[in-house]
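47 is the number of the first residue of the sequence shown in my numbering; add one for each residue after it.
Okay, so here's the structure we're looking at.
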Amino acid sequence: MTESAYAGYEQYSDRLVEMTLLNAMFPHPPTRRALLKAVGASTALAAIGQLFPLGTMKALALDTPKLEKTKLNVGYVPITCTVPLLLAHAIGEYQKEGLEVNLARTPAWALVRDKLINAEFDASHLVLALPLTISLGIGSPATPTHVPIVQNVNGNAITLHVKHKDKRDPKDWKGFKFGIPHEQSMHAMLLRYYLANSGLDPDRDVELRVYPPPDSVANMASGNLDGMLFAEPWGQRAVFEGVGFLHKLTRDIFPDHPCCVVAVTDKLLTEAPNSFGALYRSVVRATEYADKAENRKRVAELLAPQAYLNQPQTVLEQVLLGRYADGLGQVVEVPDRIGFKAFPYESTAVWLLTQLRRWNMVPAGIDYAQVAKSVFMATDAEKRMKEMGFAVPPSPMIKHTIMGKTFDPAAPQAYVDSFTIKRI
Numbered sequence: 047m048t049e050s051a052y053a054g055y056e057q058y059s060d061r062l063v064e065m066t067l068l069n070a071m072f073p074h075p076p077t078r079r080a081l082l083k084a085v086g087a088s089t090a091l092a093a094i095g096q097l098f099p100l101g102t103m104k105a106l107a108l109d110t111p112k113l114e115k116t117k118l119n120v121g122y123v124p125i126t127c128t129v130p131l132l133l134a135h136a137i138g139e140y141q142k143e144g145l146e147v148n149l150a151r152t153p154a155w156a157l158v159r160d161k162l163i164n165a166e167f168d169a170s171h172l173v174l175a176l177p178l179t180i181s182l183g184i185g186s187p188a189t190p191t192h193v194p195i196v197q198n199v200n201g202n203a204i205t206l207h208v209k210h211k212d213k214r215d216p217k218d219w220k221g222f223k224f225g226i227p228h229e230q231s232m233h234a235m236l237l238r239y240y241l242a243n244s245g246l247d248p249d250r251d252v253e254l255r256v257y258p259p260p261d262s263v264a265n266m267a268s269g270n271l272d273g274m275l276f277a278e279p280w281g282q283r284a285v286f287e288g289v290g291f292l293h294k295l296t297r298d299i300f301p302d303h304p305c306c307v308v309a310v311t312d313k314l315l316t317e318a319p320n321s322f323g324a325l326y327r328s329v330v331r332a333t334e335y336a337d338k339a340e341n342r343k344r345v346a347e348l349l350a351p352q353a354y355l356n357q358p359q360t361v362l363e364q365v366l367l368g369r370y371a372d373g374l375g376q377v378v379e380v381p382d383r384i385g386f387k388a389f390p391y392e393s394t395a396v397w398l399l400t401q402l403r404r405w406n407m408v409p410a411g412i413d414y415a416q417v418a419k420s421v422f423m424a425t426d427a428e429k430r431m432k433e434m435g436f437a438v439p440p441s442p443m444i445k446h447t448i449m450g451k452t453f454d455p456a457a458p459q460a461y462v463d464s465f466t467i468k469r470i
């Protein structure tokens, strides 16, 4: 690390120690804000310094373990789900940790998966449920794969071709061709759920076609697709190009569902645990930054260029700020159209496994909770996020509501058995 870079890191570390101590002593935000407004941060820290050895704490914070690897290759597909991973690069979070991260743009999920398995990538952005199926050896050699960080929640939409503006009822969609990014992805599971909930069999009444996300709009424009469910910005890009309209946001199917994640294999965790920790901290800080509404416009500006998402800034702003044209002549406001939440709830992994089982993509008799726990690093995330001063939920297993139906992660097989339309 250069002298100037170290100086920057030292200042950052000092601020982190001060913030963590203030948060610990005054955990109630209104109280903390009132104190700082009344006396100022410098005065408050000076007073605290009479009781706590701030200098020693800052020195200890700088005495971080040596990184086993300072250069990491990280794969990604250019979609808004990967904002935290890219943003950590754009705002210098990796540099603060002494990391040099090469962001490797990759067009399709199968290729990302293979490069992670073959250790060409140290870590990667992946769609759920790929880390689960990779670990189970479904569609690839069985490779223990882990989810330390969720990249985003919500952030997708069922998009229909403009020629179908008069077919808003799914019952009119028999024979439609829908595009999805991967047959096992969260997008595919949510589309299948929505279709089946509307009385359509997704394997018999429609055709599901897998395309790389960057090819989605072109295939809709050419008439190869009647509809699609890809991560943004591709739904909004279809509206921008005048070829599609937004039928339904996925947050209206499964509120706050996870979509994409940062995935790692045992190789990084065991051979370079300090480097993994540095990567983790960088991405989680970027996640927290990106989730704040006041930062979203800046995030769109930073990530629109070719080096990152290569999208019109106005398209990204519509997705990230939640004020957007729907392709039906309306400007809609949905502030939580997309969110950035790092914590990996095991219950969402269990739900994904139930849907994979429902469509016969995982074997019968699977131990839903055990697989979810082994892949989703919720316990580790809780520890690391607390150390960073960030809030964590009281439990990694919670109930969810999908289209009005409650999912209890404690009874996954009963949930699978309750569906009329399924493939088992």
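Every residue gets a Cβ at the ideal spot worked out from N, C-alpha and C, and that includes glycine.
Have a look at the DSSP bridge pairing and note the partners of residue i.
| i | result |
| --- | --- |
| R255 | G225 |
| I448 | K451 |
| E114 | Beta-bridge pairing links E114 to no other residue. |
| M274 | T205, G225 |
| E379 | R369 |
| R238 | None; R238 has no bridge partner. |
| K294 | I204 |
| P279 | Its beta-bridge partners do not exist; DSSP assigns none. |
| P458 | According to DSSP, P458 bridges with nothing at all. |
| P304 | V199 |
| V120 | L149, A169 |
| I384 | N200 |
With H, G and I counted as helix, E and B as strand and the rest as coil, what does DSSP make of residue i?
| i | result |
| --- | --- |
| R250 | coil |
| P358 | coil |
| F286 | helix |
| F167 | coil |
| C127 | helix |
| N341 | helix |
| I299 | coil |
| Y391 | coil |
| F322 | helix |
| T466 | coil |
| N243 | helix |
| N265 | helix |
| P442 | coil |
| P351 | coil |
| V310 | strand |
| V421 | helix |
| W397 | helix |
| M407 | coil |
| D472 | Past the boundaries of the shown model lies residue 472; the chain is included only from 47 to 470, so the question cannot be answered. |
| Q364 | helix |
| M434 | coil |
| Y58 | Note on Y58: pLDDT 49, under 50, position unreliable in the model; no value is reported. |
| D212 | coil |
| L315 | helix |
| L402 | helix |
| S231 | coil |
Please identify the residue among the options whose C-alpha is closest to the C-alpha of residue i.
| i | options | result |
| --- | --- | --- |
| W397 | P442, K217, G375 | P442 |
| P187 | L178, V193, A437 | L178 |
| F386 | E143, N198, D212 | N198 |
| A377 | I384, K451, V365 | The question names Ala, but residue 377 in the sequence shown is Val. Closest by alpha carbon: V365. |
| N164 | L314, Y370, R369, K117 | L314 |
| L374 | H293, S420, E166 | H293 |
| I195 | M274, A324, A156, K115 | A324 |
| A136 | D261, E347, I180 | E347 |
| G273 | G411, P227, A318, I467 | P227 |
| G225 | G290, F286, I180 | G290 |
| I467 | D247, E143, I184 | D247 |
| S170 | M266, W155, K432, E428 | W155 |
| G368 | R297, K209, F322 | R297 |
| F300 | A332, G450, Y370 | G450 |
| K220 | L133, V285, G281, L241 | L241 |
| K223 | V252, V307, V438 | V252 |
| A418 | P455, F276, V345, V329 | P455 |
Assuming the contact rule is C-beta atoms closer than 8 angstroms, residue i and residue j should be a hit. Round their C-beta distance to whole Å, please.
| i | j | result |
| --- | --- | --- |
| L362 | A350 | 5 angstroms |
| A453 | K445 | Note that residue 453 corresponds to Phe in the displayed sequence, not to Ala. Contact holds; Cβ gap of about 6 angstroms. |
| H233 | N270 | No, H233 and N270 are not in contact; Cβ-Cβ is about 17 angstroms, not under 8 angstroms. |
| Q401 | P279 | Contact doesn't hold; Cβ gap of about 25 angstroms is too wide. |
| V421 | T191 | 7 angstroms |
| V256 | E229 | 6 angstroms |
| F465 | R404 | 6 angstroms |
| L149 | V120 | 6 angstroms |
| H303 | N406 | No, H303 and N406 are not in contact; Cβ-Cβ is about 22 angstroms, not under 8 angstroms. |
| A284 | V310 | About 33 angstroms; that fails the 8 angstroms criterion. |
Using 7 angstroms as the limit for Cβ to Cβ distance, is residue i near chain C?
| i | result |
| --- | --- |
| F167 | Absence of chain C from the displayed structure is noted, only one protein chain being present. |
Measuring only from the beta carbon, is residue i closer than 6 angstroms to any heavy atom that is part of the ligand NAD?
| i | result |
| --- | --- |
| V310 | Of ligands this structure carries none, so the ligand NAD is not represented either. |
(request) Return the chain-ordered ranges of every alpha helix (DSSP H) run that is complete within the region 145 to 201 and spans a minimum of 4 residues. (result) 155 to 163, 176 to 182
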